[in-house]
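Line by line, the protein sequences give chains A and B. Sequence positions in the first sequence follow our numbering and run 12 to 285. Sequence positions in the second sequence follow our numbering and run -13 to 92. Don't be surprised by glycine CBs; every beta carbon is placed ideally from N, CA and C. Written below as structure tokens is the structure these notes are about.
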Amino acid sequence: MLSTAVIVFREVLEAALIVTILLAATKGLPGRGKWISGGLAAGLTGAVLVAVFAGAIAGAFSGTGQELFNAGVLLTAVVMLAWHNIWMSSHAKELVAHLKNVSAKITDGTLPLYFLAVASGMAVLREGSEVVLFMYGVAAGGSSAMGMLAGGILGVVSGILIGGLLYLGLLRIPTQWLFRVTGWLILLLAAGLAASAAGYLSQAGVLPSQAPLWDTSSLLSERSVFGQLLHILVGYQARPTAMQLAFYLITLVLISIGMSKVGRSHRLSQAATS
Amino acid sequence: MKKLLLALVVTASAPAFADVPVFNITIKDHVFSPAQTEIPANQQVKLVIDNQDATPEEFEGENFDIEKIIPGNTQASILVGPFAPGEYEFVGEFHEDTAKGELIAK
Chain A
12 MLSTAVIVFR
22 EVLEAALIVT
32 ILLAATKGLP
42 GRGKWISGGL
52 AAGLTGAVLV
62 AVFAGAIAGA
72 FSGTGQELFN
82 AGVLLTAVVM
92 LAWHNIWMSS
102 HAKELVAHLK
112 NVSAKITDGT
122 LPLYFLAVAS
132 GMAVLREGSE
142 VVLFMYGVAA
152 GGSSAMGMLA
162 GGILGVVSGI
172 LIGGLLYLGL
182 LRIPTQWLFR
192 VTGWLILLLA
202 AGLAASAAGY
212 LSQAGVLPSQ
222 APLWDTSSLL
232 SERSVFGQLL
242 HILVGYQARP
252 TAMQLAFYLI
262 TLVLISIGMS
272 KVGRSHRLSQ
282 AATS
Chain B
-13 MKKLLLALVV
-3 TASAPAFADV
7 PVFNITIKDH
17 VFSPAQTEIP
27 ANQQVKLVID
37 NQDATPEEFE
47 GENFDIEKII
57 PGNTQASILV
67 GPFAPGEYEF
77 VGEFHEDTAK
87 GELIAK
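Right, dumping it as structure tokens:
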């Protein structure tokens, strides 16, 4: 039962942390609950479908379908997180004002926030399908199914619990700093996801396979709890390849440029109208 | 940074699928056989994993980065390497107690 809990926990943790950070990063934004929960519901439904069709997906594109699918999900999440950060760089100020004084208006506040829905959906789609497949195997295995089921539920609950703790921790950050901190978190998160996507593309043979640049797994293994947390939050990899490092750095730079450009033009246009 | 770019250019120019040696590994009753496979070092190899169990398994490298789910009663091809000489352990993550194996790069 405990080993089941550990495996499910590992899979749930990444999704839980991403959704948590998105929730904290959009504190006070009207309609964010609707968009995020809609994305989660769609993602979970998708996860079941992906698990059911795992064989067909794995067999597609001459056996590299699973890797391409994973890379696609990760890169979609990266684009959505980038969109979020760039959007926030022109709206954070209004959001802070709104949180301090509810009557302060948020321009575009009623716009559809697709990026929130898609980002949270992607977060649960990939890992969720792995949980479903694993639990299916457990159920089909027959032996002590109840204990395994209990382990699965324990894993899901503890993953969500860690997410909840992070959320409460983030909300303790003073409002004027909150969006700056979550912006940094999402920036690093997105870069890490891009590096993981590069790993899957190499595994599929789309990108060249390379020997790792270095190996720090003896210092900090990605399979340890702390290593996995760092892997999710800042993209820590014990054995990165040159390609993964390049994806990481390019994502960091591109999103940062987007944020500072949009933030600057927003400030200029505000100065012009006031 | 220069070194990084150089590494990218050099490896990008290498063909991805040129004469990759193939090794077969079977999963049955959540055990890999053979448990140890000798592979050539410093070149990419293809592992064909035949999951003969009815349940899915996740092939995962312990000290190399590969993750692949293999549904029940299906085969999956996995490109690994290039490896420096040494031992590379892998597990079936869904049945980690029994599903253990090793690639020995020489």
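Item, Value
"R250 (chain A) to L34 (chain A) span [Cα, whole Å]", "31 angstroms"
"Contact with chain A by I56 (chain B), beta-carbon distance below 9 angstroms", "yes"
"Closer than 9 angstroms to chain A by CB, I64 (chain B)", "yes"
"Spatial distance of N10 (chain B) from V23 (chain A) (CA atoms)", "32 angstroms"
"Residue range of the unbroken beta strand (DSSP E) whose run includes N10 (chain B)", "V8 to K14"
"Residues of the stretch 27 to 44 of chain B with Cβ closer than 8 angstroms to any Cβ of chain A, in chain order", "Q30, A40, T41, P42, E43 and E44"
"Outcome for G180 (chain A) when other beta-carbon atoms lying within 10 angstroms are tallied against a minimum of 16", "exposed"
"Buried versus exposed, by CB contacts within 10 Å (16 or more), T84 (chain B)", "exposed"
"DSSP state of T60 (chain B) mapped onto helix, strand, coil", "strand"
"Per-residue burial, G44 (chain A) [other beta carbons within 10 Å of its own, 16 or more giving buried]", "exposed"
"Close beta carbons around S(-1) (chain B), own chain, < 8 angstroms, minus the five adjacent residues each side", "Per-residue confidence for S(-1) (chain B) stands at a pLDDT of 45, beneath the threshold of 50, marking its modelled position as unreliable; the derived number appears in the next sentence. Closer than 8 angstroms at the Cβ level, and outside the excluded window around S(-1) (chain B), lies no residue."
"Nearest neighbour of V192 (chain A), chosen from A:T37, A:T15, A:E25 and A:A257 [CA to CA]", "A:T37"
"Q22 (chain B) to V66 (chain B) span [Cα, whole Å]", "15 angstroms"
"Buried/exposed call for V31 (chain B), threshold 16 Cβ in 10 Å", "buried"
"Touch test, the stretch 38 to 53 of chain B against the stretch 195 to 202 of chain A, Cβ-Cβ under 8 angstroms, three pairs minimum", "no"
"Near-chain B residues of the stretch 234 to 248 of chain A (beta-carbon distance less than 7 angstroms), N- to C-terminal order", "none"
"Separation of T186 (chain A) from T284 (chain A), as counted between CA atoms", "26 angstroms"
"Interface partners of I52 (chain B) on chain A, CB under 7 angstroms", "Q214"
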